[in-house]
Amino acid sequence: MGLRLRIMLICLLLAGLSTVVVVAGVVLPKLGQYPKLDQQLAETSRQSVRLAGLTLANELDEARQRLTRLADHEYLAYRNHAKASQLFKEQLAHDQDRPALVALDDHLQAVASATPLGARDFSALPIARQAQATDGVVRSGLVAWPDGGQPRVVEARRYKFYDRAGEHWGVLLEALDLARLDRLLNHGTGTVEVFDATGRPLIPVPASATVAPATRPEVAMALGGRQDVSVRADHSVMAYAPVPGFDWAVLASTPTAQMLLPLERDIRQATLSGALAMLIGAVLAVLLSAFLVAPIRRLEAGAAALARGEWEAGGAGTSLLPTHRDDELGRLAKNFELMAAQLRDRFRGIEEEVAQRTSDLKDANLRLTQAVEELKALDELKRAFLDAVSHELRTPLNFIMGYGSTLADGLLGPLSLDQERAVEAILGGSDRLLGVINDLIEISRLEAGLIPLVPVAVDLGELIAIALEQLDAQVRERELIVTVDASPELSPAHADPERVGQILKQLLTNAIKFTEPGGHITVSVRPVGDRLVTEVADTGMGIPAAALPYIWESFRQGDGSLTRRHGGTGVGLAIVKRLLDAMGERVEVESEVGVGSRFRFTLPVASADGSRAGEGTAAQGFGQQIQ
143 MGLRLRIMLI CLLLAGLSTV VVVAGVVLPK LGQYPKLDQQ LAETSRQSVR
193 LAGLTLANEL DEARQRLTRL ADHEYLAYRN HAKASQLFKE QLAHDQDRPA
243 LVALDDHLQA VASATPLGAR DFSALPIARQ AQATDGVVRS GLVAWPDGGQ
293 PRVVEARRYK FYDRAGEHWG VLLEALDLAR LDRLLNHGTG TVEVFDATGR
343 PLIPVPASAT VAPATRPEVA MALGGRQDVS VRADHSVMAY APVPGFDWAV
393 LASTPTAQML LPLERDIRQA TLSGALAMLI GAVLAVLLSA FLVAPIRRLE
443 AGAAALARGE WEAGGAGTSL LPTHRDDELG RLAKNFELMA AQLRDRFRGI
493 EEEVAQRTSD LKDANLRLTQ AVEELKALDE LKRAFLDAVS HELRTPLNFI
543 MGYGSTLADG LLGPLSLDQE RAVEAILGGS DRLLGVINDL IEISRLEAGL
593 IPLVPVAVDL GELIAIALEQ LDAQVREREL IVTVDASPEL SPAHADPERV
643 GQILKQLLTN AIKFTEPGGH ITVSVRPVGD RLVTEVADTG MGIPAAALPY
693 IWESFRQGDG SLTRRHGGTG VGLAIVKRLL DAMGERVEVE SEVGVGSRFR
743 FTLPVASADG SRAGEGTAAQ GFGQQIQ
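Our numbering puts the first residue of the sequence shown at 143, with every later residue one more than the last.
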């Protein structure tokens, strides 16, 4: 019998013995678990019902805390129903099914909701009237919701709101999503059932709110505060317990066949592992028999030594190579030695080059890191400086404006004509300085991400009219002609009206500033796909082409010299750009020196219910569509 065959037989014998030992060590302990199966099944059922009860209690407690938190919110106290609805949507954004969350006024009429309002009259809902007369959270049993959908469990809490007539008590309702609770509890093996304080089933969700209480003894015992395990006639193990902190009961039923599945799976996996071990042993036996031959082993050891970098002649790598042989293995060893010499020379050159390049990269990376840190520090210093200067200037400026107004009103005595002109100059300069300070604070808040956006359906024509009314004095002073081209039948936009008004005022102020007396300013709005394109065009001095890339930066103007004719800090267009970026929209400019400038920006069209229409982005085809 040859050496290779003997090695293969030995390896196969060892692999077989190892497999038998491993399988026996895994299977026998599993089989030993069968006498204790009843205790394990009971304990597993107790754990299942305990986990289901804790999960249900956590969900109910979270809903109660959310209801209490929202009922104390200022949006409800001051009847800001649009923002209250938005707040409700944000609170329930993580829940794909969105349970009903509705605020009622003192007449139990719906005024705010997380979903589009259907039925608005909730006066027939007993839980609503009960909550209005009770301090704290109250919860109903299974009731029919006014929209005619599935029956629900409703939690309610009253809240206080104010109007000119005084204080009133409204009601905040949250209908628990029983289908979601059903998915949370019934995601594994077995079935979890939930019953309310009267014994009526809640989960699985019944089709009607008028269901009879359950008659099973486990339900009554769980509602009475007991928790235990029973084996039913249908070969299943049932555990029952009360829900911690609530007057509900939970039952967990699991077929005994499903409880045995893990044990059977372990035994099957152990058997498969044994078979796999036998297969691996056979493969290893073949491989070892092929490699455990003396000359080949010497060649392998020599190659390993050369792989470790033992290149020098006479070293461990070359001494192990069988170069004395005059056969195929000897010639292979000689060629291997020649290859090692060539690789030695090449690797030395590569190592030197890699070391040099690594050193260069480390130096460049260090310089880049230092530059980035310096830029971050400078940017943070700029923000801190702007915040400090802006807020510190406001206090003395308020004193100046207050005393100036007092002097102008003659409260400190009559003024001469020259004194009146001086006071007017002081107040005019103070107004301009206040505008500069407000711009600085606004740009700081934008850069810090502190500007909230509340998009609703807005009428752009109305916002344009408001902005022009605010700037009417400046338009008249410069004798400008302003034309508005916005159809009354134009669709509303989906945007924050306060921020859109700010954008329009900044662009119009910019156009008025840089347009000579007698010039013309045009404001137009037109639809392009699912967007509304607003354009502010003037016949002013225009912007040089070299300055166009920089006009959106803070503290930059087209004329950046210290002797420029037009004042300002250069943050107006930066505010416009950052506001539109925050909305996910685009703004662009066309300008020609001596001819004028045209600023355009987009806003999405609002749908019929006031939400955003379409899913397109402003970046797609913007430049081509608005030419």
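Each residue gets a CB set at the ideal place from its N, CA and C atoms; glycine is no exception.
Computed from a predicted structure; not experimentally measured.
Ordered along the chain, which non-local residues of its own chain (more than five positions away) have a Cβ less than 6 Å from that of residue i?
| i | result |
| --- | --- |
| M481 | none |
| M543 | S572 |
| A550 | V565 |
| Q369 | A383 |
| E730 | R742 |
For residue i and residue j, what's the separation of their Cα atoms in angstroms?
| i | j | result |
| --- | --- | --- |
| R740 | P538 | 38 Å |
| A447 | T186 | 58 Å |
| T511 | G570 | 47 Å |
| K518 | L508 | 15 Å |
| A219 | L610 | 34 Å |
| L722 | R742 | 11 Å |
| K647 | E734 | 22 Å |
| L643 | D581 | Sequence check: residue 643 is Gly here, not Leu. Approximately 15 Å, taken between the alpha carbons. |
| T161 | R490 | 49 Å |
| L649 | I583 | 18 Å |
| L196 | A354 | 26 Å |
| L622 | E522 | 41 Å |
| S501 | I492 | 14 Å |
| S753 | V667 | 20 Å |
| A483 | R473 | 16 Å |
| A94 | I693 | Outside the shown range of the chain, which is 143 to 769, sits residue 94, and nothing can be said about it. |
| T210 | R299 | 7 Å |
| V334 | R271 | 32 Å |
| V737 | A679 | 10 Å |
| N328 | L418 | 36 Å |
| T625 | M725 | 27 Å |
| K302 | V253 | 14 Å |
| E770 | V514 | Residue 770 lies beyond the range of the chain shown here (143 to 769); nothing can be said about it. |
| D560 | R618 | 25 Å |
So, for residue i: in the same chain, excluding its five sequence neighbours on each side, which residues have a beta-carbon less than 8 Å away from its beta-carbon?
| i | result |
| --- | --- |
| Q251 | R262, D263, F264 and S265 |
| G367 | P384 |
| Q233 | R208, L212, L243 and A256 |
| R325 | none |
| L535 | L575 and I579 |
| H249 | S265 |
| L229 | L212, H215 and Y217 |
Give me the Cβ distance between residue i and residue j, rounded to the nearest whole Å; I'm assuming they're in contact under 8 Å.
| i | j | result |
| --- | --- | --- |
| V371 | A381 | 5 Å |
| V600 | P634 | 6 Å |
| V718 | I645 | 5 Å |
| I606 | A628 | 6 Å |
| E297 | A205 | 6 Å |
| A224 | L314 | Not quite, the Cβ-Cβ distance comes to about 16 Å (not below 8 Å), so this is no contact. |
| L193 | V379 | 15 Å between Cβ atoms; not a contact. |
Give me, in chain order, the residues of the same chain whose beta-carbon lies closer than 7 Å to that of residue i; leave out the 5 immediate sequence neighbours on both sides.
| i | result |
| --- | --- |
| F388 | A199 and L202 |
| S190 | G332, A381, A394 and T396 |
| A286 | P293 and A351 |
| A445 | F478 |
With 16 other CB atoms within 10 Å as the buried threshold, where does residue i fall?
| i | result |
| --- | --- |
| P594 | exposed |
| V336 | buried |
| R641 | buried |
| E360 | buried |
| A317 | buried |
| T676 | buried |
| D214 | exposed |
| N540 | exposed |
| E727 | buried |
| A273 | buried |
| A748 | buried |
| A497 | exposed |
| D614 | exposed |
| V596 | exposed |
| L145 | A caution first: L145 carries a pLDDT of 49, below 50, which makes its placement in the model unreliable, though a value can still be read off. With fewer than 16 Cβ atoms within 10 Å of its Cβ, L145 is classed as exposed. |
| S282 | buried |
| V425 | exposed |
| A653 | buried |
| Y304 | exposed |
Notebook entry, point to check: So does the stretch 645-661 actually touch the stretch 672-684, counting three or more Cβ pairs closer than 8 Å?
Noted result: yes
Note to self: Counting beta carbon pairs with one atom in the stretch 323-341 and one in the stretch 264-278, are three or more of them shorter than 8 Å?
What the structure shows: They do not touch, by the three-pair rule.
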